[in-house]
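Student: Residue numbers (the numbering used here): 1 to 412. The C-beta atom is built at its ideal place from N, Cα and C for all residues, glycine as well. Remember, it's a predicted structure, so these values are computed and weren't measured experimentally.
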Ligand code: DSN
């Protein structure tokens, strides 16, 4: 970063501080990850210099021949990775991908049926503070009060009653397997479309560790930066019959120029995800989550739904008499980054919460395995059980730094 340091030492210094934060701490935010050097290079490349509005072979700017090659590679690799008939790699984010599906297949004022935000859904699935809650009517399902998992019978009943145009499945804070086939069958029964937002579990789906939604539901949306381990961005997959409407909804419907440096980096990410080692990596993410979950439960902490099937878990702090905010803050001081999260039957505000969301993709990218997960689980439990003791927090911080130092972000 020598050019940056010479041109803008302030920003260079901020980036260096952030590098040290990532290096010396443990990143357990379920939606974050660590990209490869190859992805970083593509993102920081001269591909950012160009406008390429339109699609390969049909652009509104000259000089796009290499951008066409990059976007075609990204689309083809994504199709191969998920077995999709059609792929659009231009959405700037997961929310943009979802927006394109809504714009393509719903009129303003029609209805979405989706999962409640405070039970695991996402802002862009119908929250009143998102465009989705302002442009569309919204009906929402949650998890079963006792089991804390989805009840497809209840979703089916709601779908019959609410008659939505699109049923949205997929979640940001749901630790269990999602039955995409069941969602599409419900949609078919009530004459609705079905959209699966697989942003969190995309890597698991790509490697067959979680059942796929692609070719099963009408539209699959995703981000590329969570378990897929690519640059920040979005993508949409669907059958060929929906391709034209989806592409038109993305551009010119809701975006202008695509971020071509990001699309080049997405192509690199999909190439990496097609390697056999990516399956091993995703298997380890899930194994790590299971070991971490078991360690937390063995230390007397409660997990929503009693465990995890994927890359994340939700810790219910109610019986500890502390909030998610307090736990997030104390763990942050100990060098462990997590986020406070609402839990089913939440009684507190989203800024306080009764839960913590914990995920393993980023620490797995650093090469950590079962033994390290047990260490991390014990550190988390130690802080949570002695949350007001600064000496305990300092002691755990020392151990966290020692552990992190054994697993560099980018081994030479
Ligand atoms: N904000 C992301 C997450 O943390 O789950 C989803 O967009």
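#1: Could you tell me if the beta carbon of residue 130 falls within a distance shorter than 7 Å of some heavy atom in ligand 1?
#2: How is the beta strand (DSSP E) around residue 339 delimited, first residue to last?
#3: For ligand 1, is there any heavy atom lying closer than 7 Å to the beta carbon of residue 94?
#4: For residue 315, does the three-state DSSP call read helix, strand or coil?
#5: Quick check: the stretch 222-233 against the stretch 58-74, are at least 3 beta-carbon pairs closer than 8 Å?
#6: Is any heavy atom in ligand 1 found nearer than 7 Å to the beta carbon of residue 199?
#7: So, at 7 Å on beta carbons, what are the nonlocal neighbours of residue 253 in its own chain, with the 5 sequence-adjacent residues on each side left out?
#8: Give every residue whose Cβ lies closer than 5 Å to any heavy atom of ligand 1, listed in chain order.
#9: According to the neighbour-count rule (16 or more other Cβ atoms, all chains shown, within 10 Å of its Cβ), is residue 1 buried or exposed?
#10: Looking at the structure shown, is residue 87 part of a helix, part of a strand, or coil, going by DSSP?
#11: In whole angstroms, give me the CA-to-CA distance for residue 349 and residue 298.
#12: Which residues bound the beta strand (DSSP E) around residue 333?
#13: Given this structure, state the Cα-to-Cα distance separating residue 222 from residue 382, to the nearest angstrom.
#14: Would you tell me roughly how many angstroms separate the C-alpha atoms of residue 266 and residue 34, rounded to the nearest one?
#15: Excluding five sequence neighbours on each side, which residues of the same chain lie with their C-beta closer than 7 Å to the C-beta of residue 410?
#16: I'd like to know whether the C-beta atoms of residue 251 and residue 90 end up nearer to each other than 8 Å.
#17: Can you tell me which of 245, 156, 146, 143 puts its alpha carbon nearest to the alpha carbon of residue 86?
#18: Could you give the residue range of the beta strand (DSSP E) that holds residue 141?
#19: According to DSSP, residue 114 sits in a beta bridge with which residue or residues?
#20: Is the stretch 121-140 touching the stretch 176-194, taking contact as three or more C-beta pairs under 8 Å?
#21: DSSP beta-bridge partners for residue 193?
#22: Measuring alpha carbon to alpha carbon, tell me which of 394, 353, 324, 292 ends up nearest residue 374.
#23: Going by alpha carbons, who is nearest to residue 264 out of 12, 405, 52, 400?
#24: Which same chain residues, not among the five before or five after residue 399, have their C-beta less than 7 Å away from its C-beta?
#25: Whose CA, out of 45, 165, 31, lies closest to the CA of residue 259?
#26: Per the contact definition of three or more C-beta pairs closer than 8 Å, is the stretch 155-175 in contact with the stretch 322-336?
Tutor: From the atom records:
#1: Numbered from 1 along the chain shown, position 130 holds the residue referred to as residue 130. Checking the 7 Å criterion, the Cβ of residue 130 is out of range of every heavy atom belonging to ligand 1.
#2: Taking the chain shown and counting its residues from 1, the one referred to as residue 339 is at position 339. Looking at the DSSP string, the run of the beta strand (DSSP E) that includes residue 339 is 339-341.
#3: Taking the first residue of the chain shown as 1, we reach residue 94 at position 94. At least one heavy atom of ligand 1 sits closer than 7 Å to the Cβ of residue 94.
#4: Your numbering for residue 315 matches position 315 in the chain shown. Correct three-state label for residue 315: strand.
#5: With the rule of 3 Cβ pairs closer than 8 Å, the stretch 58-74 does not count as touching the stretch 222-233.
#6: Residue numbering aside, residue 199 sits at position 199 when the chain shown is read from its first letter. Yes, ligand 1 has a heavy atom inside 7 Å of this Cβ.
#7: On the chain shown, residue 253 is found 253 positions in, with the first residue counted as 1. Annotation for residue 253: 100, 103 place their beta carbon closer than 7 Å to its own, counting only its chain and skipping 5 residues before and after.
#8: Going down the chain, each residue whose beta-carbon is closer than 5 Å to a heavy atom of ligand 1 shows up: 31, 172.
#9: Reading the chain shown from its first residue, position 1 is the one you call residue 1. Counting Cβ neighbours within 10 Å, residue 1 comes out exposed, since fewer than 16 surround it.
#10: Taking the chain shown and counting its residues from 1, one reaches residue 87 at position 87. Correct three-state label for residue 87: strand.
#11: Indexing the chain shown from 1 puts residue 349 at position 349. Indexing the chain shown from 1 puts residue 298 at position 298. If I take the Cα positions, the gap works out to 28 Å.
#12: Within the chain shown, the letter at position 333 stands for residue 333. According to the DSSP assignment, residue 333 belongs to no beta strand (DSSP E) but to the alpha helix (DSSP H) extending over 324-333.
#13: Start at 1 with the first residue of the chain shown, and residue 222 comes out as number 222. Start at 1 with the first residue of the chain shown, and residue 382 comes out as number 382. Just so you know, the alpha carbons of residue 222 and residue 382 end up roughly 35 Å apart.
#14: Indexing the chain shown from 1 puts residue 266 at position 266. Indexing the chain shown from 1 puts residue 34 at position 34. Computed Cα separation, rounded: 14 Å.
#15: Position 410 of the chain shown, counted from the start, is the residue given in the question as residue 410. Cβ within range, chain order: 37.
#16: Translated into the one-based positions of the chain shown, residue 251 becomes position 251. Translated into the one-based positions of the chain shown, residue 90 becomes position 90. In this structure, residue 90 lies closer than 8 Å to residue 251 by Cβ.
#17: Here residue 86 is taken as the residue at index 86 of the chain shown, counted from 1. Closest by alpha carbon: 245.
#18: Mapped onto the chain shown, residue 141 falls at position 141. Element bounds for residue 141: 137-141.
#19: Counted from its first residue, the chain shown places residue 114 at position 114. BP columns for residue 114 point to 140.
#20: Below 8 Å, too few C-beta pairs join the stretch 121-140 and the stretch 176-194 to call them touching: fewer than three.
#21: As a working note, residue 193 is residue 193 in the chain shown. Note: residue 193 sits in a beta bridge opposite 166.
#22: Against the chain shown, residue 374 aligns to sequence position 374. For residue 374, the closest alpha carbon among the candidates 394, 353, 324, 292 is that of 292.
#23: As a working mapping, residue 264 is identified with position 264 in the chain shown. Relative to the Cα of residue 264, the nearest Cα in the group 12, 405, 52, 400 belongs to 52.
#24: As a working note, residue 399 is residue 399 in the chain shown. Result list for residue 399: 379, in chain order.
#25: Residue numbering aside, residue 259 sits at position 259 when the chain shown is read from its first letter. Of the candidates 45, 165, 31, the residue whose Cα lies closest to the Cα of residue 259 is 45.
#26: No: the two stretches stay apart, fewer than three of their Cβ pairs being nearer than 8 Å.
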